[in-house]
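There are 2 protein chains.
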Amino acid sequence: MTTEKIDGVSVTTQANVYFDGKCVSHGITFADGTKKSVGVVLPATLTFNTGAPEIMECVAGSCEYKLDGTDAWVKSAAGDKFSVPGNSKFDIRVTEAYHYICHFG
Amino acid sequence: MTTEKIDGVSVTTQANVYFDGKCVSHGITFADGTKKSVGVVLPATLTFNTGAPEIMECVAGSCEYKLDGTDAWVKSAAGDKFSVPGNSKFDIRVTEAYHYICHFG
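Sequences listed follow chains A and B, in order.
Terminal number for the first sequence in the numbering used here: 105, no gaps in between.
Terminal number for the second sequence in the numbering used here: 105, no gaps in between.
Set out below in structure tokens:
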């Protein structure tokens, strides 16, 4: 089941641009103050650092990810989620655009 | 005056990726059905075609644009807007990321 739309949010108009544009996201805020982001990773192999724990939900495309301290690349496609601990990092490799929702906390 | 947030919208989670990622946007829909998009153009010189008329509102960064049938490059920076007729096109050149809201119709 893919989350195609998120209703009732405030969107931050300025994008977050990471890795020279290989990752672009927009922040959204729910009525209760919860923050998430919607974004896309373009074809690349990147390493992301986390502050807060994150849940990455794929809404289109796919990626492979490798959590810090593991050796396994795991595929994540539309409808899949994976969790990343706080103050950690993960590698991601993308060959077709990976569209995601990032849930924090 | 820059529009930093847009409240009370539904956001489409899958990004629109144009020109190999030189332009990335997310669609938003208001309660009354009005559609806009929030996006960013990364450093590049591109030509965009319009279907519906568009108003491009800069929320951060800047660009220069040239409307079809004109010879003048015009700067547009945060807080500025420019209008593009329907079924037309415009050139845009960006040297720092141009963050925008696209209003249709």
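Ideal Cβ positions, reconstructed from N, Cα and C, are used throughout, including at glycine.
This structure is a prediction, so every number in the text was calculated from the model and none was measured.
Report yes or no: is there a C-beta of chain A within less than 8 Å of the C-beta of residue i?
| i | result |
| --- | --- |
| Ala15/B | yes |
| Val74/B | no |
| Val83/B | Val is not the amino acid found at residue 83/B; the sequence shown has Ser there. Not an interface residue. |
| Leu46/B | no |
| Lys66/B | no |
| Ser10/B | yes |
| Ala60/B | yes |
| Thr3/B | yes |
| Asp7/B | yes |
| Gly33/B | no |
| Gly69/B | no |
Could you please give the first and the last residue of the uninterrupted beta strand (DSSP E) stretch that includes residue i?
| i | result |
| --- | --- |
| Asn16/B | Asn16 to Tyr18 |
| Met56/A | Glu54 to Ala60 |
| Asp32/B | It is not in any beta strand (DSSP E) - Asp32/B carries neither H nor E in the DSSP assignment. |
| Gly8/A | Lys5 to Thr12 |
| Thr47/A | Ala44 to Asn49 |
| Ser88/B | Unbroken run through Ser88/B: none, as it is neither H nor E. |
| Lys81/A | Lys81 to Val84 |
| Lys22/B | It is not in any beta strand (DSSP E) - Lys22/B carries neither H nor E in the DSSP assignment. |
| Ala77/B | Val74 to Ala77 |
Can you round the beta-carbon distance between residue i and residue j to whole angstroms, since I take them to be within the 8 Å contact cut?
| i | j | result |
| --- | --- | --- |
| Gly79/A | Cys58/A | 7 Å |
| Gly21/A | Gly21/B | 6 Å |
| Gly61/B | Tyr98/B | 5 Å |
| Lys66/A | Phe30/A | Contact doesn't hold; Cβ gap of about 30 Å is too wide. |
| Thr3/B | Thr13/A | 6 Å |
| Ala52/A | Gly86/A | 5 Å |
How about residue i: is its Cβ closer than 7 Å to a heavy atom in the ligand FAD?
| i | result |
| --- | --- |
| Phe104/A | Ligands in the displayed structure: none, and consequently the ligand FAD is not present. |
What do you reckon, are the CB atoms on residue i and residue j nearer than 8 Å?
| i | j | result |
| --- | --- | --- |
| Val112/A | Val38/A | Only positions 1 to 105 of chain A appear in this structure, which leaves residue 112/A out of reach. |
| Thr47/A | Val84/A | no |
| Lys35/A | Ser10/B | no |
| Met56/B | Cys23/B | no |
| Glu54/A | Phe104/A | yes |
| Ser76/B | Phe82/B | yes |
| Gly27/A | Asn16/A | yes |
Looking at chain B, is there any beta carbon in it that lies within less than 8 Å of the beta carbon of residue i?
| i | result |
| --- | --- |
| Ser37/A | no |
| Ile55/A | no |
| Ile92/A | no |
| Gly86/A | no |
| Ala77/A | no |
| Gly51/A | no |
| His99/A | yes |
| Gly105/A | no |
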